[in-house]
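K.L.:
Residue numbers (UniProt numbering): 1 to 386. Once you've had a glance at the structure underneath, I'll fire off some questions.
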């Protein structure tokens with residue numbers, strides 16, 4: 001949902017008309033004067049808004065910052081069609097997955113950011129298959145024994161090493177580890193059991209892939225309940241695993257992949273060039289939400305990441321609710337995820353079934369009403385606050 005050239009939105013009443021052409025006809029009306037002062041000359045909504053459903057690991061990826069995105073777009077404009085960065089948030093909106101195997105109420109899982117160095121160090125010391133996949137290279141020993149002020153550089157060296165190792169060698173060690181776990185020759189404490197389950201699960205989806213090692217033993221494993229979210233800035237490593245999410249990001253389609261994709265699609269050099277190589281605990285990535293200040297009935301939560309392009313709002317109407325959202329200075333897009341909902345903006349009103357999408361120009365109060373008595377009503381919004 002947005003105006004990016006890779007998958008632009010069109011009008012429901014006139015599918016041949018792109019939303020971009022409507023906005024371009026009256027940018028001041030559809031984007032707002034405040035937004036045009038911030039981004040002079042634009043005719044684009046500054047964000048992309050998605051619902052994403054995944055049942056297997058998505059590519060291990062990073063979205064480059066503006067400087068690298070500009071360089072990549074100039075070098076290869078067909079692959080990198082815009083010069084923008086792509087910070088993003090993911091909000092879990094699905095039902096619990098894997099019959100609760102990851103924990104009560106867990107509805108989304110994924111790998112986000114490098115985990116603390118101490119944990120990676122222990123895995124390399126204690127898992128012979130991981131050391132073997134690294135080729136028993138001296139870089140591994142330098143990483144294990146490095147001082148705090150060397151950690152970022154040593155992490156870059158060892159991660160570069162494993163991504164560049166011959167795939168057949170990595171696959172051999174992955175198979176060896178999978179066999180060992182399958183035979184029960186693996187620690188039984190809760191943390192180790194979860195690691196073992198992840199190795200088995202990811203390898204079943206991408207047998208022998210370098211991503212089995214480069215996610216499970218290097219990255220944070222994130223588990224979200226419904227309504228919880230993560231924020232991933234530009235240049236940060238991630239790979240979503242399973243679940244349904246609301247996803248919103250700055251308007252860009254730039255991505256660099258290194259695992260869970262065919263070898264010819266791996267962009268290792270640029271991927272490594274983009275990464276921050278900052279190791280953090282999993283809690284760092286969580287994005288809190290709070291009651292939305294422009295909610296008149298108190299039924300809307302706001303997710304406000306540290307970027308200027310967008311916020312995300314979740315309106316839960318319950319079984320018979322109504323809500324009014326105060327006007328904002330930027331464009332707003334809403335999608336109904338549960339129920340049948342009437343949306344009233346000024347003198348206009350639309351009734352939207354689940355999956356229905358609406359665009360609201362800046363400066364307008366939005367009223368929503370749930371029309372299906374006895375069923376849950378929910379609508380998610382993306383907006384720009386300027």
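The C-beta atom is built at its ideal place from N, Cα and C for all residues, glycine as well.
Tell me, please, which residues DSSP counts as bridged to residue 219.
P.N.:
Partner(s): 114.
K.L.:
Given a cut-off of 8 Å on the beta-carbon distance, is the pair residue 107 and residue 94 in contact?
P.N.:
Their beta carbons are under 8 Å apart, which means residue 107 touches residue 94 by this criterion.
K.L.:
Going along the chain, which residues of its own chain have a beta-carbon closer than 7 Å to the beta-carbon of residue 62, five neighbours each way excluded?
P.N.:
Once the five neighbours on either side are set aside, the close Cβ partners of residue 62 are 235, 236, 237, 256, 271, 274 and 275.
K.L.:
Taking all protein chains shown into account, do 16 or more other C-beta atoms lie within 10 angstroms of the C-beta of residue 184, making it buried, or fewer, making it exposed?
P.N.:
Result: exposed.
K.L.:
Do residue 115 and residue 219 have their beta-carbon atoms positioned less than 8 Å apart in this structure?
P.N.:
In this structure, residue 115 lies closer than 8 Å to residue 219 by Cβ.
K.L.:
Look at residue 344 and residue 380 and say whether their C-beta atoms are less than 8 Å apart.
P.N.:
Against a cut-off of 8 Å, the Cβ pair of residue 380 and residue 344 comes out as no contact.
K.L.:
Which one of 175, 299 and 27 has the shortest CA to CA distance from residue 128?
P.N.:
Checked all of 175, 299 and 27; the closest Cα to residue 128 is 175.
K.L.:
Buried or exposed for residue 260, please, with buried defined as at least 16 other CB atoms from any protein chain shown within 10 angstroms of its CB.
P.N.:
It is buried - the Cβ of residue 260 has at least 16 other Cβ atoms within 10 Å.
K.L.:
Sort out for me which residues DSSP pairs residue 18 with in a bridge.
P.N.:
Paired residues: 10.
K.L.:
Have a look at 322, 88 and 10 and flag the residue whose alpha-carbon is nearest the alpha-carbon of residue 251.
P.N.:
Nearest C-alpha to residue 251: 88.
K.L.:
Just reading off the beta strand (DSSP E) that residue 345 is part of, what are its end residues?
P.N.:
Residues 341 to 345.
K.L.:
In the DSSP assignment, find the beta strand (DSSP E) that holds residue 301 and state where it starts and stops.
P.N.:
Its beta strand (DSSP E) spans residues 300 to 303.
K.L.:
Assuming residue 310 and residue 47 form a contact by the criterion Cβ under 8 Å, report the distance between their Cβ atoms to the nearest whole angstrom.
P.N.:
That belief holds up - the Cβ atoms of residue 310 and residue 47 are roughly 4 Å apart, short of 8 Å.
K.L.:
Counting only runs of 3+ residues fully inside the stretch 72 to 101, write out the beta strand (DSSP E) ranges in chain order.
P.N.:
Counting whole runs of 3 or more residues, the stretch 72 to 101 contains the beta strand (DSSP E) stretches 88 to 92.
K.L.:
Could you work out which residue in 356, 365 and 37 is closest to residue 347 when comparing CA atoms only?
P.N.:
For residue 347, the nearest C-alpha among the options comes from 365.
K.L.:
Look at the alpha carbon of residue 103 and the alpha carbon of residue 207, and state the distance between them as a whole number of angstroms.
P.N.:
Taking the straight line from one Cα to the other gives about 25 Å.
K.L.:
Please go through the same chain and pick out, in chain order, the residues whose beta-carbon is closer than 8 Å to the beta-carbon of residue 353, but skip the five residues on each side of it.
P.N.:
Closer than 8 Å at Cβ, skipping near neighbours: 336 and 340.
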